[in-house]
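>
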Ligand code: SF4
Ligand code: SF4
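Numbering (our numbering), first residue to last: -17 to 307.
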């Protein structure tokens, strides 16, 4: 097993920049952790889930679909594969979900142009907010950085992950990892029980429309919940005209906005805030469960942290369980 001390992380990640476009959490001057190049600052792997949606590295807020100049189609030069370190184990579940979403039916070439060949490193151990313990992913990534409170234990899973780990000098951290693995299984997740119970009530149609109208009264349509959610995949399309070219982009959409499903005729199947709020929660807890066999919320905690009026998915699920169980 290999280890890296925190002070050597920046040098470690910079060592892969010839081969990969490396993205790691880095502290901004405002004190926020965002994905950036390791050249931009020392990696801030500790601190728990990034506030921003981590899947945006593969599905950015605005993304080029097609670009046409006077000579015809313009082709972007192919970039290096991504090496992204900083997904929490729950973020990995979100990534797995949207991988499947974008592969289903018409495979999304734009998404997979970044996702294919990308190396993913999870972060766990005593690396949560305020040093809290984050259970290990158990292998749903190429490699994992597990913080034992002093050093990062590097656990490779895939062959590419093993090649990365092989560049770290030999060490012996097996005992420390064994102790952490023991701890990994012991976490009880109360929020998981809440959203499962809310999902069941929604699937059994136990939640009346008037409930959604009352929750929606709190929504100020800031779209924060959708913007941070790693499993939100809705987007709209926008054309941009420049002096030398025309570009078509896709841009994230939000089901909390009035125009989300409005049709050209003016008819809007989600014409009230209550219906849109129902859609946001019902889609993840019931519709996706029916379509994909699993709830598409993996409790990353972002929407509950982002919603300024306290109606993130766990908060609303709690209300559902309290009122309709
Ligand atoms: S907790 Fe909220 S932001 Fe995170 S996956 Fe669930 S719905 Fe999305
Ligand atoms: S974050 Fe809260 S207030 Fe903002 S759109 Fe979402 S539910 Fe509404």
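The beta carbon of each residue, even a glycine, is placed where N, CA and C say it ideally should be.
Alpha carbon to alpha carbon, how far is residue 173 from residue 301?
Your numbering for residue 173 matches position 191 in the chain shown. Your numbering for residue 301 matches position 319 in the chain shown. Residue 173 and residue 301: Cα-Cα distance of roughly 12 Å.
> I want to check one thing, is the minimum distance from the CB of residue 288 to the heavy atoms of ligand 2 below 7 Å?
Position 306 of the chain shown holds residue 288. Residue 288: yes, Cβ under 7 Å from ligand 2.
> Measure the C-alpha to C-alpha separation of residue 139 and residue 248 and round it to an integer number of angstroms.
In the chain shown, counting from the first residue as 1, residue 139 sits at position 157. In the chain shown, counting from the first residue as 1, residue 248 sits at position 266. So the alpha carbons of these two residues sit roughly 52 Å apart.
> With the cut-off set at 8 Å, would you say residue 70 and residue 39 are in Cβ contact?
Locating residue 70 in the chain shown gives position 88, where the first residue counts as 1. Locating residue 39 in the chain shown gives position 57, where the first residue counts as 1. No, these two residues do not count as a Cβ contact at 8 Å.
> Any idea if residue 55 is buried or exposed, counting beta-carbon neighbours within 10 angstroms, 16 or more meaning buried?
Sequence index remark: in the chain shown, residue 55 carries index 73 (1-based). Exposed, since its Cβ has fewer than 16 Cβ neighbours within 10 Å.
> Name, in chain order, the residues that DSSP records as bridge partners for residue 101.
For the purposes of this step, residue 101 is taken as the residue at position 119 of the chain shown. Answer by DSSP bridge pairing, in chain order: 65.
> To the nearest angstrom, how far is it from the Cα of residue 52 to the Cα of residue 232?
As a working mapping, residue 52 is identified with position 70 in the chain shown. As a working mapping, residue 232 is identified with position 250 in the chain shown. Straight-line Cα distance between these residues: approximately 22 Å.
> Relative to ligand 1, what is the chain-ordered list of residues with a Cβ closer than 7 Å to any of its non-hydrogen atoms?
Output, sorted by chain position: 76, 207, 210, 211, 212, 213, 214, 266, 279, 280, 281, 282, 283, 284, 285, 286, 294, 295 and 296.
> If you drop the 5 nearest sequence neighbours on each side, which residues of the same chain put their C-beta closer than 6 Å to that of residue 79?
Your numbering for residue 79 matches position 97 in the chain shown. Excluding positions up to five away in sequence, the list reads 213 and 278.
> Excluding the five sequence neighbours on either side, which residues of its own chain have a C-beta within less than 7 Å of the C-beta of residue 4, listed in chain order?
The residue given as residue 4 occupies position 22 in the chain shown. Cβ within range, chain order: -5, -2, 19, 20 and 65.
> Could you name the residues of the same chain whose beta carbon sits closer than 6 Å to that of residue 97, not counting the 5 residues immediately before and after it, in chain order?
For the purposes of this step, residue 97 is identified with residue 115 of the chain shown, where counting begins at 1. Contacts found: 40.
> Looking at C-alpha atoms only, which residue of 150, 257, 116 and 132 is the closest neighbour of residue 190?
Sequence index remark: in the chain shown, residue 190 carries index 208 (1-based). The residue with the shortest Cα to Cα distance from residue 190 is 257.
> Could you tell me whether the region 128 to 136 touches the region -14 to -5, using the rule of 3 or more Cβ pairs below 8 Å?
As far as the Cβ criterion goes, the region 128 to 136 touches the region -14 to -5, which means the pair count is three or higher.
> Would you report the Cα separation of residue 114 and residue 120, rounded to the nearest angstrom?
The sequence position of residue 114 within the chain shown is 132, counting from 1. The sequence position of residue 120 within the chain shown is 138, counting from 1. Distance between the alpha carbons of residue 114 and residue 120 is about 18 Å.
> Any idea if residue 208 is buried or exposed, counting beta-carbon neighbours within 10 angstroms, 16 or more meaning buried?
Within the chain shown, the letter at position 226 stands for residue 208. Buried is the call here.
> Which partner residues of residue 220 appear in the DSSP bridge assignment?
Here the question's residue 220 lines up with position 238 in the chain shown. In the DSSP output, where bridge partners are listed per residue, residue 220 has 231.
> Starting from residue 135, trace the beta strand (DSSP E) both ways and give me its first and last residue.
If you number the chain shown from 1, residue 135 lands on position 153. Residues 134 to 138.
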